[in-house]
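Some notes on the structure that comes next.
In our numbering, the protein residues as written are 12 to 487.
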């Protein structure tokens, strides 16, 4: 009996000593940065009473919002912390989420917010409480740690002189990465939407996906904060390879204007800006008013759609690759280099798209280029337009479809169009297409082969679909 009593007592002590996280933790599904479902076996449920979230490099802290929760104070992140926003859940933090330099904070969701926004979990952070110099998500009166957003609907507003996401007062934005989600970030006076607080640099900002709306006031939309007495915020290293991005710098109640949409804040250098993908709209790219231009590149294989009122650094313009509208909505979109339109583009009546000499535009499979007015789409002599199979061009209400006519090894092939329209390899429905096959010396033409159309006397009528043709040659 004594042994049984001692055993029961020992068991009770073990249960009392068990970590609270084990008792309170729940298993949670989430989407990783690639959109693949993963499982966190033991996440702490966020409540209004928990204002310190902690973890280490070897044992990250995992937290989940699975209901509607409001925290009326600042949340502090210690170490390495991950937050999962469960579907239909909502967390409001009135006081900011403090991620100081040396710490890291990553946000995950269970649904893609760009596809099912009303279902995806939501995080709303407002750091303006009690005039705090804290970013909405980021540094408290200083530089931010590493902040990563993989999903969810995230809205962050900075406190006094602080970024929506990034640095607090005089703080750098740190390392900010956004791969998905629907993100709205608003900086307070003289701070960036995403990046530096007042006089703080943007840090290393990388965007590969998601829908992002970033607004700075005096500071850049994305990049550095504004300078008042001293120098403005350096834009930092800003890289955009995907997503839909809108970056604006505004003036508010007489506060310094002159920040770039992407780059430096007022008086700040533009930093090193690379935009090689995505759909990007910015009030200006480069240095803020009074700041150096910095550097701008699209890379030589860039596919970005870029709308910018100005681009400060045009020293490498001959190497740009993308579809760029420079100078405002009344200016034409110009194809630079050899980009591929991957996300589709619709131009309103009066908007123009030009493919100049030496440039080549490819409309990808599953993508549609729509131009309201036939006179506002031009392909110059020496320019090229190619539709991939599954890509569509619509000009003035007429749809064009691709004719894929691969060159044969033992002869040359060509086509001409009558009773219809042709732009590059794109042909309108019901057009008459005539094919020409010219064999090399020692060969003769045998026949045309196609699974898409019937060819009679080297001629066919274009259907409302892509057509692939193959010329067959044989040795004499």
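Using N, Cα and C, we set each Cβ at its ideal position, and we do this for glycine too.
Host beta strand (DSSP E) of residue 158 (start-end):
Translated into the one-based positions of the chain shown, residue 158 becomes position 147. Counting along the chain, the beta strand (DSSP E) containing residue 158 begins and ends at 157-160.
Assuming contact is defined by CB atoms lying nearer than 8 Å, are residue 204 and residue 174 in contact in what I supplied?
Here residue 204 corresponds to residue number 193 of the chain shown, with the count starting at 1. Here residue 174 corresponds to residue number 163 of the chain shown, with the count starting at 1. Going by C-beta atoms, residue 204 is nearer than 8 Å to residue 174.
Taking the DSSP output, what are the residues bridged to residue 423?
As a first step, residue 423 is located in the chain shown; it is residue number 412 there, counting from the start. According to DSSP, residue 423 bridges with 449.
Using DSSP bridges, identify the partner residues of residue 166.
Start at 1 with the first residue of the chain shown, and residue 166 comes out as number 155. For residue 166, which the question treats as bridged, DSSP gives the partners 135, 195.
State yes or no: is the C-beta of residue 109 within less than 8 Å of the C-beta of residue 76?
The residue labelled residue 109 in the question sits at position 98 within the chain shown. The residue labelled residue 76 in the question sits at position 65 within the chain shown. No, Cβ-Cβ distance for residue 109 and residue 76 is not below 8 Å.
Using the C-alpha atoms, what's the distance from residue 213 back to residue 248?
As a working note, residue 248 is residue 237 in the chain shown. As a working note, residue 213 is residue 202 in the chain shown. Between residue 248 and residue 213, the C-alpha separation is close to 7 Å.
When burial is assigned at 16 or more other CB atoms within 10 Å of the CB, is residue 187 buried or exposed?
For the purposes of this step, residue 187 is identified with residue 176 of the chain shown, where counting begins at 1. Classification of residue 187: buried, given that the 10 Å Cβ count is 16 or more.
Neighbour-count burial assignment, residue 457, 16 or more Cβ in a 10 Å radius:
As a position in the chain shown, residue 457 is number 446, starting the count at 1. That one is exposed.
Residue 7 (DSSP reduced to helix, strand or coil)
Because the chain in this structure spans residues 12 to 487, residue 7 falls outside the shown range and cannot be described.
With residue 411 and residue 476 assumed to form a contact (beta carbons below 8 Å), what rounded beta-carbon distance in angstroms separates them?
Here residue 411 refers to the residue found at position 400 of the chain shown. Here residue 476 refers to the residue found at position 465 of the chain shown. The pair is not a contact, with the Cβ atoms about 11 Å apart (cut-off 8 Å).
Does the distance from the C-beta atom of residue 208 to that of residue 166 stay below 8 Å?
On the chain shown, position 197 is the one that residue 208 refers to. On the chain shown, position 155 is the one that residue 166 refers to. Against a cut-off of 8 Å, the Cβ pair of residue 166 and residue 208 comes out as no contact.
For residue 416 versus residue 372, is the C-beta distance shorter than 8 Å?
Locating residue 416 in the chain shown gives position 405, where the first residue counts as 1. Locating residue 372 in the chain shown gives position 361, where the first residue counts as 1. It is not a contact, given that the beta carbons lie outside the stated cut-off.
Within the same chain, show all residues whose beta-carbon is closer than 6 Å to that of residue 281, passing over the 5 residues directly before and after it, in chain order.
Here residue 281 is taken as the residue at index 270 of the chain shown, counted from 1. Excluding residues within five positions, the ones whose Cβ falls inside 6 Å are 246, 274, 275, 297, 298, 304, 305, 323.
Pairwise C-alpha distance: residue 390 and residue 146
Looking up residue 146 in the chain shown gives position 135. Looking up residue 390 in the chain shown gives position 379. Going by the C-alpha atoms only, they are around 47 Å apart.
How big is the Cα-Cα spacing for residue 169 and residue 176?
By 1-based counting over the chain shown, the position of residue 169 is 158. By 1-based counting over the chain shown, the position of residue 176 is 165. Going from the Cα of residue 169 to the Cα of residue 176 covers about 7 Å.
Would you tell me roughly how many angstroms separate the C-alpha atoms of residue 93 and residue 414, rounded to the nearest one?
Walking along the chain shown from the start, residue 93 turns up at place 82. Walking along the chain shown from the start, residue 414 turns up at place 403. The alpha-carbon atoms of residue 93 and residue 414 are separated by roughly 50 Å.
Out of 63, 250, 219, state which residue places its alpha-carbon closest to the alpha-carbon of residue 91.
Taking the chain shown and counting its residues from 1, the one referred to as residue 91 is at position 80. If you compare the alpha carbons of 63, 250, 219 with that of residue 91, the shortest gap goes to 63.
Between the beta-carbon of residue 332 and the beta-carbon of residue 309, is there less than 8 Å?
Within the chain shown, numbered from 1, the residue matching residue 332 stands at position 321. Within the chain shown, numbered from 1, the residue matching residue 309 stands at position 298. Their beta carbons are under 8 Å apart, which means residue 332 touches residue 309 by this criterion.
Starting from the Cα of residue 134, find the closest Cα among 120, 70, 102 and give me that residue.
Here the question's residue 134 lines up with position 123 in the chain shown. It is 102 whose Cα lies nearest to the Cα of residue 134.
State the start and end residues of the unbroken beta strand (DSSP E) segment that holds residue 336.
For the purposes of this step, residue 336 is identified with residue 325 of the chain shown, where counting begins at 1. Unbroken beta strand (DSSP E) run through residue 336: 333-337.
Smallest Cα separation from residue 66: which of 46, 113, 49?
Translated into positions along the chain shown, residue 66 becomes position 55. Of the candidates 46, 113, 49, the one whose C-alpha sits nearest the C-alpha of residue 66 is 113.
CB contact flag (residue 171, residue 200, <8 Å)
As a position in the chain shown, residue 171 is number 160, starting the count at 1. As a position in the chain shown, residue 200 is number 189, starting the count at 1. It is a contact, given that the beta carbons lie within the stated cut-off.
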